[in-house]
Amino acid sequence: MDQPNRIALTGAEAQEMREANEARAAFCRFLASLYLYELTDEQIEAFAHIDVAGDGTAIDEGLSTIKEYLRHRHGGTRQELAVDYARVFLGAGSYDRILAPPYESVFTSEERILMQDARDGAVTYYRRAGLDLPADNTTPEDHLGFELQFVAALAERANEALDGSDEAALAETMALARSFFAHHQQNWLPALCDAVDEFAETDFYRGVARMTRGYVESEAAFFDEVAPVLSLGDEVAEIRPAWDVDDTGALAAEGAVA
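If you count by our numbering, then the sequence shown holds residues 563 to 820, one letter each, in order.
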């Protein structure tokens, strides 16, 4: 990606960005786990006692919904949630479709199927950052859980750059994160949340959808705030796979910017 202009953060700006990245990384890993795995009894108990800030954000509203649902938990709650998770995200009991598949390709391709352009695009971003999934992974790489883990990794890398006073690495990492959010999350997560709202049978997963909407809102606000500070510019270019073809029929270069 194009190198941003030279930046010079004040101590207060650097500390504020560091704290924001820490919070972003923690929340992304937390949210990723809810899409990747069924809940354990220990997690259910932790959710039941989680602190709610009461700040009126969508994330806070989602947590409140979850906590209220778990206030009425019983011996069968874990099984109830496991059934809802499997039905909504894995298609258990549905013979013709998965109701709310947490895969970008399904929501961005005309065919609404897995392993489409969005998957290739996500992998291109992962590899641009020098990251990849284990060789034995069998889940498509554009699963929301993986995408959120990638965002968390970039937030942590940005803080490493801050700690090392490496302005170039900081700007490059944040530009990559902003581009990934714009082209691989902001474009489809609202539709996923709509599907979860429609098909989930428990308020727990409707609360997860509400938190996910809050994630989109908070990330958009975060990048709106840091972009001018880091001189990232107004245009959010997309990194395209090496085999992508432009409008003239020419192959794009590896990691080319659209």
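Don't be surprised by glycine CBs; every beta carbon is placed ideally from N, CA and C. Note that this is a predicted model, so its numbers are computed, not measured.
Item	Value
Between Asp646 and Ala762, how many whole angstroms is the CB-CB distance? I'm expecting something under 8 Å.	6 Å
Run through the DSSP bridge pairs and tell me what His705 is partnered with.	Tyr665
Quick one, which of Ala576, Met579 and Glu600 has its alpha-carbon nearest Tyr767's?	Glu600
Look up Asp801 in the DSSP assignment and say whether it is helix, strand or coil.	According to the sequence as given, residue 801 is Ile; it is not Asp. Residue state, collapsed to three classes: strand.
What do you get for Ile801, buried or exposed, if any count of 16 or more other CB atoms within 10 angstroms of its CB means buried?	buried
In chain order, what residues of the same chain have a beta carbon less than 7 Å from the beta carbon of Ala576, not counting five sequence neighbours either side?	Leu724
Within 10 angstroms of its Cβ, does Gly683 collect 16 or more other Cβ (buried), or is it exposed?	buried
Please classify Pro663 as buried or exposed, where buried requires at least 16 neighbouring CB atoms within 10 angstroms.	buried
My output table needs one value for Arg635: the three-state DSSP class, helix, strand or coil.	coil
Can you give me the start and stop residues for the alpha helix (DSSP H) that Gly776 sits inside?	Asp765 to Val791
Please classify Pro702 as buried or exposed, where buried requires at least 16 neighbouring CB atoms within 10 angstroms.	buried
Keeping to the same chain, check which residues put their C-beta closer than 8 Å to that of Glu578; ignore five residues upstream and five downstream.	none
Can you grab the Cα-Cα spacing for the pair Asp622 / Ala744, in whole Å?	23 Å
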